[in-house]
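Trainee: First the structure, then my questions, so here it is.
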Amino acid sequence: MKELLYYIKSLFSFKWLYNLVELFVEKVLRLSMETRLGESIHFFIYDIIKIAILLSIMIFIISYIRSYFSPEKTKSILSKYSKVTGNIMASLLGIVTPFCSCSSVPLFIGFVESGIPLGVTFSFLITSPIVNEAAFSLLIISPAFGMKIALIYVVTGVLIGVLSGIIIDYMHLENEVEEYVYQMQVADVAVQERDSKERFRFAIQNVKDIIHRVWIYLVIGIGIGAIIHGAVPAELLIKYAGPDNPFAVIIGVVLGIPLYSNAMGTIPIAEVLLTKGVGIGTVLSFMMAVTALSLPELILLRKVIKPKLIAVFVVLTGISIIIVGYLFNAISHLLM
Amino acid sequence: MNIKVLGSGCKKCKQLEANVQEAVKDMGLEATIEKVEDFKDIMSFGVMSTPALVVDGEVKFSGQLVDVKNLKKYLI
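Chains A and B supply the protein sequences, listed in that same order.
To convert, note that position 50 of the first sequence is 152 in the numbering used here; the numbers rise steadily by one, no gaps.
To convert, note that position 51 of the second sequence is 340 in the numbering used here; the numbers rise steadily by one, no gaps.
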């Protein structure tokens with residue numbers, strides 16, 4: 103097993119790409135790899151191509167798996183569960199059910215109308231954007247993070263969704279939902295089954311879609327990462343945002359909530375921050391804060407939810423993320 | 290043929306509408322193409338994830354963007 107992993111790793115180590123780009127930089131651009139400029143350009147090109155390839159493969163695989171799920175299927179599964187089990191199932195299904203955040207409103211209405219408890223619906227809505235396939239893929243690919251941390255990220259995404267959802271249920275905020283939602287009749291559509299050709303096309307379309315949406319954030323993120331890498335001294339960051347700073351996590355989350363960019367852009371930056379000594383909990387919670395809560399989605403949700411519930415949603419999610427951040431900083435020596 | 294593109298205005302939904310228009314043109318079909326943006330109307334079809342395609346009252350697919358080439362088989 104170990105040998106097999108080793109061979110796969112060598113194949114995927116991209117040495118061939120490294121050499122190719124090196125040739126390009128030295129022969130075509132006529133820059134020496136010894137110079138700062140040559141090395142930076144090499145890094146930039148090599149990293150972008152490598153990430154593009156790996157990302158495409160991972161997103162394809164994940165999308166193919168996701169093609170077996172749909173919001174309609176999820177709704178019929180969830181309507182069979184009650185309270186806490188429902189929250190857990192909802193979070194887990196939130197990971198594998200593909201849905202675009204512009205569908206938040208129909209989805210919310212559909213779930214609530216079919217009798218799924220409010221908190222369970224929220225568990226789905228919270229975990230879903232956090233554990234998105236692109237962020238997960240990038241975490242696995244990135245040398246600074248890796249599979250272990252990617253899995254931890256997923257587990258915490260689920261935890262946050264489940265806990266926030268349970269609390270929302272407990273708070274009985276059903277009357278903070280716009281009344282008409284409960285009065286809507288939603289037709290029950292026969293769930294469409296896909297054959298393998300359609301799944302393949304769905305997966306490919308997703309890859310194209312995500313790369314298209316995300317490449318610019320990635321490039322900017324890698325660029326900013328490169329700048330921080332070169333320009334910001336590690337000591338400065340450790341002093342203000344290292345694992346021992348009690349405020350680092352709170353600052354990170356508070357900064358992250360209003361920021362809405364694709365999670366993608368944050369990962370290269372997070373990577374660099376990590377290597378500069380910022381705590382892993384701080385970094386992960388910043389990433390989650392950016393992705394879990396987005397202003398466009400909140401504006402959309404206002405159509406179905408009254409401001410009080412929106413506020414509860416934001417605060418609960420924010421607090422859970424902060425708690426998780428501190429937790430991971432505390433046990434960071436076990437993780438890295 | 291009556292074609293409805295269900296979607297509330299995000300990029301994917303607009304793209305689907307454009308793809309449908311092109312596919313219909315390519316195939317020389319006699320069809321009306323409507324964009325349904327109001328989510329109450331969208332939900333009356335039982336659709337929860339957009340973009341979605343409805344042809345002559347039947348939901349062909351939901352929750353994904355389909356390109357022009359693959360769209361055609363839903364339009365026969």
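The C-beta atom is built at its ideal place from N, Cα and C for all residues, glycine as well.
Looking at the secondary structure, which residues open and close the alpha helix (DSSP H) in which residue 239 (chain A) lies?
Mentor: The residue given as residue 239 (chain A) occupies position 137 in the first sequence. That run of the alpha helix (DSSP H) goes 235-243.
Trainee: By the three-class DSSP mapping on this structure, what secondary structure does residue 326 (chain B) have?
Mentor: Counting from 1 along the second sequence, the entry for residue 326 (chain B) is found at position 37. Note: residue 326 (chain B) maps to coil in three-state DSSP.
Trainee: Mapping the DSSP letters down to three states, classify residue 319 (chain B) as helix, strand or coil.
Mentor: Numbered from its first residue, the second sequence carries residue 319 (chain B) at position 30. Reduced to three states, the DSSP call for residue 319 (chain B) is coil.
Trainee: Look at the alpha carbon of residue 388 (chain A) and the alpha carbon of residue 253 (chain A), and state the distance between them as a whole number of angstroms.
Mentor: By one-based count along the first sequence, residue 388 (chain A) stands at place 286. By one-based count along the first sequence, residue 253 (chain A) stands at place 151. Roughly 17 Å between the two C-alpha positions.
Trainee: Listing by chain order, which chain B residues have their CB less than 7 Å from the CB of residue 271 (chain A)?
Mentor: Stepping through the first sequence from its first residue, residue 271 (chain A) is reached at position 169. Those within 7 Å of residue 271 (chain A) in chain B number zero; the least Cβ separation is about 21 Å.
Trainee: On the three-state DSSP scale, how would you describe residue 403 (chain A)?
Mentor: For the purposes of this step, residue 403 (chain A) is taken as the residue at position 301 of the first sequence. DSSP places residue 403 (chain A) in helix when its eight states are reduced to three.
Trainee: Rounded to whole angstroms, what's the CA-CA distance from residue 352 (chain A) to residue 384 (chain A)? Just pull it up for me.
Mentor: For this step, residue 352 (chain A) is matched to residue 250 along the first sequence. For this step, residue 384 (chain A) is matched to residue 282 along the first sequence. The straight-line gap from Cα to Cα measures roughly 8 Å.
Trainee: Taking the straight line between their C-alpha atoms, what separation do you get for residue 227 (chain A) and residue 129 (chain A)?
Mentor: Within the first sequence, residue 227 (chain A) is the residue found at index 125, counting from 1. Within the first sequence, residue 129 (chain A) is the residue found at index 27, counting from 1. Cα to Cα, the separation comes out at about 51 Å.
Trainee: Note down, in chain order, each residue of its chain lying with its Cβ closer than 6 Å to the Cβ of residue 261 (chain A), except the 5 sequence neighbours on either side.
Mentor: Working through the first sequence from its first residue, we reach residue 261 (chain A) at position 159. So the list is empty, once near-sequence residues are dropped.
Trainee: How would you list, in chain order, the residues of chain B whose beta-carbon sits under 8 Å from the beta-carbon of residue 209 (chain A)?
Mentor: Residue mapping note: residue 209 (chain A) aligns to position 107 of the first sequence, counting from 1. Under the 8 Å cutoff, chain B gives 337, 338.
Trainee: Ends of the alpha helix (DSSP H) at residue 430 (chain A)?
Mentor: Translated into positions along the first sequence, residue 430 (chain A) becomes position 328. Segment 409-432, the alpha helix (DSSP H) holding residue 430 (chain A).
Trainee: Under 8 Å: do the region 205-218 of chain A and the region 238-257 of chain A share three or more Cβ pairs, one atom per stretch?
Mentor: As far as the Cβ criterion goes, the region 205-218 of chain A does not touch the region 238-257 of chain A, which means the pair count is below three.
Trainee: Would a check of beta-carbon distances place residue 288 (chain A) closer than 8 Å to chain B?
Mentor: One-based indexing of the first sequence puts residue 288 (chain A) at position 186. Chain B contact via Cβ: present.
Trainee: Can you give me, in chain order, the residues of the region 342-353 of chain B that have a beta carbon less than 9 Å from any beta carbon in chain A?
Mentor: Result list: 348, 349, 350, 351, 352, 353.
Trainee: So, is the C-beta of residue 285 (chain A) closer than 8 Å to a C-beta in chain B?
Mentor: By one-based count along the first sequence, residue 285 (chain A) stands at place 183. No, no contact with chain B.
Trainee: Output needed in chain order: residues of the region 307-335 of chain B with a Cβ under 8 Å from some Cβ in chain A.
Mentor: The region 307-335 of chain B vs chain A, Cβ under 8 Å: 328, 329, 331, 332, 333, 334, 335.
Trainee: Under three-state DSSP, which class holds residue 305 (chain A)?
Mentor: Here residue 305 (chain A) refers to the residue found at position 203 when the first sequence is read from its first residue. Helix.
Trainee: Please state whether the Cβ-Cβ distance between residue 403 (chain A) and residue 206 (chain A) is less than 8 Å.
Mentor: To locate residue 403 (chain A), count along the first sequence from 1; it is residue 301. To locate residue 206 (chain A), count along the first sequence from 1; it is residue 104. Against a cut-off of 8 Å, the Cβ pair of residue 206 (chain A) and residue 403 (chain A) comes out as a contact.
Trainee: Could you give the first and the last residue of the continuous beta strand (DSSP E) run that contains residue 350 (chain B)?
Mentor: Within the second sequence, residue 350 (chain B) is the residue found at index 61, counting from 1. Counting along the chain, the beta strand (DSSP E) containing residue 350 (chain B) begins and ends at 347-351.
Trainee: Would you say residue 291 (chain B) lies against chain A (beta-carbon separation less than 8 Å)?
Mentor: Numbered from 1 along the second sequence, position 2 holds the residue referred to as residue 291 (chain B). It does not: the Cβ of residue 291 (chain B) has no partner Cβ on chain A nearer than 8 Å.
Trainee: Can you name the residues of chain A whose CB is closer than 8 Å to the CB of residue 301 (chain B)?
Mentor: Here the question's residue 301 (chain B) lines up with position 12 in the second sequence. Result: 202, 204, 311.
Trainee: Taking Cβ positions, are residue 171 (chain A) and residue 198 (chain A) nearer each other than 8 Å?
Mentor: Numbered from 1 along the first sequence, position 69 holds the residue referred to as residue 171 (chain A). Numbered from 1 along the first sequence, position 96 holds the residue referred to as residue 198 (chain A). Going by C-beta atoms, residue 171 (chain A) is nearer than 8 Å to residue 198 (chain A).
Trainee: For the beta strand (DSSP E) containing residue 292 (chain B), list its first residue and its last residue.
Mentor: Here residue 292 (chain B) refers to the residue found at position 3 when the second sequence is read from its first residue. Residue 292 (chain B) -> beta strand (DSSP E) spans 291-295.
Trainee: Which ranges would you report for the alpha helix (DSSP H) in the region 194-280 of chain A if only whole runs of at least 4 residues count?
Mentor: If we require 4 residues or more, the alpha helix (DSSP H) runs fully inside the region 194-280 of chain A come out as 206-215, 220-232, 235-243, 248-272.
Trainee: With C-beta atoms as the reference, is residue 338 (chain B) less than 8 Å away from residue 351 (chain B)?
Mentor: Reading the second sequence from its first residue, position 49 is the one you call residue 338 (chain B). Reading the second sequence from its first residue, position 62 is the one you call residue 351 (chain B). Yes. Within cutoff.
Trainee: Does any residue of chain B bring its CB to less than 8 Å from the CB of residue 172 (chain A)?
Mentor: Here the question's residue 172 (chain A) lines up with position 70 in the first sequence. Interface residue, yes.
Trainee: List, in order along the chain, the chain B residues whose C-beta lies closer than 7 Å to that of residue 304 (chain A)?
Mentor: The residue labelled residue 304 (chain A) in the question sits at position 202 within the first sequence. Going along chain B in sequence order, the residues near residue 304 (chain A) (Cβ under 7 Å) are 353.
Trainee: Which residues in chain B sit within 7 Å of residue 212 (chain A), going by Cβ to Cβ distance?
Mentor: Residue mapping note: residue 212 (chain A) aligns to position 110 of the first sequence, counting from 1. Chain B residues near residue 212 (chain A): 332, 337.
Trainee: Using Cβ-Cβ distances below 7 Å, what residues of the region 397-411 of chain A are close to chain B?
Mentor: Within the region 397-411 of chain A, no residue qualifies.
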